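For the protein sequence lines, the chains are F and C, in the order given. As numbered in my numbering, residues 1 to 342 make up the first sequence, in order. As numbered in my numbering, residues 1001 to 1301 make up the second sequence, in order. Beta carbons: idealized from backbone N, C-alpha and C, even for Gly. It should be emphasised that the depicted structure is a prediction, and the values quoted were computed from it without experimental measurement.
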Amino acid sequence: MKIIEIIKDLTKSPGISGFESEFAAKVCEKLKEYCNETWITKTNSVVGVKNCKKNDAPTIMLEAHLDRIGLIVSSVDENGFVGFRALGGVDERILPAAEVEILGSERIFGIIGAKPPHLMKNNEEDEGLKIEDMLIDTGLGEVAASKISIGDPILLKSDFCELLNNRISSATLDNRAGMSVIFDCLEKLKDKDLPCNLCVAFASGEEQGLLGAYTVADNIKCDLAVVVDVTYGETPDAKVTETFPLGCGAVICRGPNVHFEMTKKVIELAKKKNIPYEIEVASGSTGTNAWALQTSGHGIPCVVISVPLRYMHTTVETVDIGDLESVSKLISEIVSGGEVVA
Amino acid sequence: MIRDILTTFSVSGSEKKVRQLLIESLKDKFDQVCTDCLGNVIAKKGVSQKLLVECGMDSPGIMVVDNSDGQVWFSAFGGLKPKDLIGKKIIFENGFCSEVKYDGEKSDDAKISDLYIDADSTKISIGDFGILNHEFTEDSESYFGYGLKSRAGLLAVYQAVQDVAGDFAVLFSAQKRIGGKGIKAFLGENSFARVITVDALCEKKDGGGAGIVAKDSTAVASVNLRKALEDTAKAKKIDAKTVVSDENFFGSSFLTSGSGADWTGIGVLVEKTEDGKEKLCKKDFENSVRLLKSAIEKLSL
């Protein structure tokens, strides 16, 4: 299966942060093809282990979060309008006029409406709408309260689409991009004799504060965690120094949140194997699950490798397929070569 | 006992009096009641304790930083803001009680460092703790006072666990109002399959019964556990409503403990009245107690 097919399939499932159980089951089933043992944690992270059957072999974890941002129903008024709050860092600017699906006892389509500009007063138009002022219209009217419950998750709808020049756009490429890279890597390594044990973790709750990552390694001693996530893709309105051009390859992070020596070895490996890469500097937290994994259990040395992504936390997140392939190739080399953890 | 629970001096970092009160009144009703190094009170019934019920036992407060010239200046912690303090009475651990003053014109502009209390150094020393005077009034339907919010969860748990059967533990956590310190220390040594945290839920209007937390400010509650509470309320005909709350029930602390736990919260509705007081509706409170009791009976076995 090509990486574009893997990612397309992964974007079909909701897996909204805090409501990952159904998606976790699907991912776990898929992971069984590549691992000796798989399980779902109490908080809906998925973990798989592939044992290399070599004495004293090190263990490398490949990690990507499986949850996506979304919304949650906070009120249903007598006329059927649905109030909501964010699950994760939703970009509020994209919400007015967005299409949504309320995932309660049944799936209900709705739209986020907004007051017409003609009726706005004073500075209302300039100030912008706040999430607590927005409402979802499902068309149900007063029967809405019998079909929609407070606490139901809400999906921001979006269609997967292929842009020109090897690019794709969809909601939830953060972090189905990371997941697709790991599955692609697993496919590459499927029949190889590996020098290390492999642990694959798809952590839940990252968008709400890295929640799942604190418990995925509870019973596993890992010598290295390779955290695969997305980073800021270059756009004309963003600083060049804070973003990475799409098509630049794998973005390898340096800073106190990652292991200094192992990261250096990953950079050397990328050079040696002619895998395109860029360096990202994070002077504090990387904003990824590495922040949690680094201090979980007895502590896990982390390496963070990212895919540049445009329009983060919107329904039109965009990545370059070539970058996915670069990251996949790099992590495959990390696992199959074994020198990073030597 | 309601008066004792609501008014006994207890502030984050100095919970001694309420701790003693809890130990004395619960020791004959639980199989084990103990404290840990941070001052949490842990009460256990049964042998396996798969269910943990948690509530805070401290209140936000102030600490004296200067007491020269017959005036006491202080810092505040646990979320107290100048508007919560101006004109209110502060009670200190030694029983001294006095009003918070502000000499500025607009109270909206006030900072904590602008506020003071008239008291000489023979009464109050640097480092002394104070809390809002928790004295309250009541009518047939509600309790009214300042500081009810920080004790509503404690009172509900205390009432609910008196005679309930089951296999469960209760954590009366210390220093909850300053970042859930007691909870974090406790979870370093303990883990549970299911956790229900109980705390106040500030609403504009009372009524509606007990609150069942679908999400707090830190995390989405475990769907199965939340639904178990909703089903319990329905089966027992307890007035309850599911809420998405901006309050901190410390859900993320429990979800990330050990191998992870199922977590949800029960909110005791507390209304802010127009004069700035807090109002605890007795009917809503009773519904919260009944829901917690029924949940313990159903989920702890």
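Does residue i pass the burial test, meaning 16 or more other C-beta atoms within 10 Å, or should it be called exposed?
| i | result |
| --- | --- |
| Trp291 of chain F | buried |
| Gln1162 of chain C | exposed |
| Met61 of chain F | buried |
| Trp1263 of chain C | buried |
| Gln1032 of chain C | exposed |
| Gly1078 of chain C | buried |
| Cys196 of chain F | buried |
| Val1065 of chain C | exposed |
| Phe109 of chain F | exposed |
| Ala1233 of chain C | buried |
| Asn274 of chain F | exposed |
| His259 of chain F | buried |
| Ala1043 of chain C | buried |
| Asp1058 of chain C | buried |
| Arg1177 of chain C | buried |
| Glu1271 of chain C | buried |
| Val281 of chain F | exposed |
| Asp1103 of chain C | exposed |
Which first and last residues belong to the beta strand (DSSP E) in which residue i is found?
| i | result |
| --- | --- |
| Tyr277 of chain F | Tyr277 to Val281 |
| Ala86 of chain F | Val82 to Leu87 |
| Ser1288 of chain C | Segment Lys1282 to Leu1299 is the alpha helix (DSSP H) holding Ser1288 of chain C; no beta strand (DSSP E) there. |
| Asp229 of chain F | Leu224 to Tyr232 |
| Tyr1116 of chain C | Tyr1116 to Asp1118 |
| Gly1061 of chain C | Gly1061 to Asp1066 |
| Tyr1143 of chain C | Ser1142 to Gly1145 |
| Ser1173 of chain C | Phe1168 to Ser1173 |
| Arg1194 of chain C | Arg1194 to Glu1203 |
Taking Cβ-Cβ distances shorter than 8 angstroms, what residues in chain C pair up with residue i?
| i | result |
| --- | --- |
| Glu211 of chain F | Note that residue 211 of chain F is Leu in the sequence shown, not Glu. In chain order: Ala1219, Ser1252, Leu1255 and Thr1256. |
| Leu299 of chain F | Per the sequence shown, residue 299 of chain F should be read as Gly rather than Leu. The contacting residues do not exist; Gly299 of chain F stays about 15 angstroms from chain C at best. |
| Ser105 of chain F | The contacting residues do not exist; Ser105 of chain F stays about 11 angstroms from chain C at best. |
| Ser17 of chain F | Val1220 |
| Gln208 of chain F | Thr1218, Ala1219, Val1220 and Ser1252 |
Where do the ends of the alpha helix (DSSP H) carrying residue i lie?
| i | result |
| --- | --- |
| Met312 of chain F | Counting along the chain, Met312 of chain F falls outside any alpha helix (DSSP H), and DSSP gives it neither H nor E. |
| Tyr214 of chain F | Ala213 to Val216 |
| Val27 of chain F | Ser21 to Leu31 |
| Pro1082 of chain C | Pro1082 to Leu1085 |
| Arg1226 of chain C | Val1223 to Ala1235 |
| Val335 of chain F | Ile321 to Gly337 |
| Tyr1102 of chain C | Per DSSP, Tyr1102 of chain C belongs to no alpha helix (DSSP H) and is neither H nor E. |
| Glu187 of chain F | Leu173 to Leu189 |
| Thr1273 of chain C | Where Thr1273 of chain C is concerned, there is no enclosing alpha helix (DSSP H), given that its DSSP letter is neither H nor E. |
| Leu293 of chain F | Ala290 to Leu293 |
| Met5 of chain F | Strictly speaking, residue 5 of chain F in this sequence is Glu, with Met absent from that position. Segment Ile3 to Leu10, the alpha helix (DSSP H) holding Glu5 of chain F. |
| Phe1249 of chain C | First-last for Phe1249 of chain C: undefined, no H or E at that position. |
| Val1018 of chain C | Lys1016 to Leu1026 |
| Gly1182 of chain C | Lys1181 to Leu1187 |
| Ala1160 of chain C | Leu1148 to Ala1160 |
What does residue i reach in chain F if we use C-beta pairs closer than 7 angstroms?
| i | result |
| --- | --- |
| Lys1260 of chain C | The question names Lys, but residue 1260 of chain C is Gly in the sequence shown. Those within 7 angstroms of Gly1260 of chain C in chain F are Thr41, Lys42, Thr43 and Thr215. |
| Val1053 of chain C | Simply none; closest approach about 18 angstroms. |
Residues of chain C with a CB under 7 angstroms from the CB of residue i: which are they?
| i | result |
| --- | --- |
| Asp77 of chain F | Going along chain C, no residue has its Cβ under 7 angstroms from Asp77 of chain F, so there is no contact; the nearest lies around 14 angstroms. |
| Ser344 of chain F | No information on residue 344 of chain F is available, as it lies outside the stretch 1 to 342 that chain F covers here. |
| Ser74 of chain F | Val1244 |
Report the neighbours of residue i on chain C: residues whose CB is nearer than 9 angstroms to its CB, in chain order.
| i | result |
| --- | --- |
| Arg382 of chain F | Past the boundaries of the shown model lies residue 382 of chain F; chain F is included only from 1 to 342, so the question cannot be answered. |
| Asp218 of chain F | Gly1258, Ser1259 and Gly1260 |
Give me the chain F residues within the contact set of residue i, using Cβ-Cβ distance strictly less than 9 angstroms, ordered along the chain.
| i | result |
| --- | --- |
| Val1195 of chain C | Residues of chain F passing the Cβ test: none, with the nearest at roughly 11 angstroms. |
| Val1100 of chain C | Under the 9 angstroms cutoff, chain F gives no residues; its nearest Cβ is about 31 angstroms from Val1100 of chain C. |
Could you list which residues in chain F have their beta carbon closer than 8 angstroms to that of residue i, in chain order?
| i | result |
| --- | --- |
| Arg1226 of chain C | Gly151 |
| Val1064 of chain C | Neighbours of Val1064 of chain C on chain F: none; closest Cβ ~35 angstroms, over 8 angstroms. |
| Val1268 of chain C | What Val1268 of chain C touches in chain F: nothing, since even the nearest Cβ is about 18 angstroms away. |
| Val1041 of chain C | Per Cβ cutoff of 8 angstroms: no residues; Val1041 of chain C is ~26 angstroms from chain F at best. |
I'd like to confirm something about residue i: is its beta-carbon nearer than 7 angstroms to some heavy atom of the ligand GTP, or not?
| i | result |
| --- | --- |
| Asn1040 of chain C | Because no ligand of any kind appears in the structure shown, any question about the ligand GTP cannot be addressed here. |
Output needed in chain order: residues of the stretch 1165–1190 of chain C with a Cβ under 9 angstroms from some Cβ in chain F. Residues: none.
Interface residues of the stretch 126–152 of chain F facing chain C [CB-CB below 8 angstroms]: Ser149, Ile150 and Gly151
Beta carbons nearer than 8 angstroms to chain F: which residues of the stretch 1273–1292 of chain C have them? Only those residues of the stretch 1273–1292 of chain C whose C-beta falls short of 8 angstroms from the nearest C-beta of chain F would be listed, and there are none.
Quick one: complete beta strand (DSSP E) runs, 3+ long, within the stretch 113–154 of chain F? 135–137
Contact set between the stretch 1129–1152 of chain C and chain F, restricted to residues whose Cβ is under 9 angstroms from the partner: When C-beta distances to chain F are compared with 9 angstroms, every residue of the stretch 1129–1152 of chain C stays at or above that value.
Would you list, in sequence order, the uninterrupted beta strand (DSSP E) runs of no fewer than 3 residues that lie entirely inside the stretch 247–273 of chain F? 250–254
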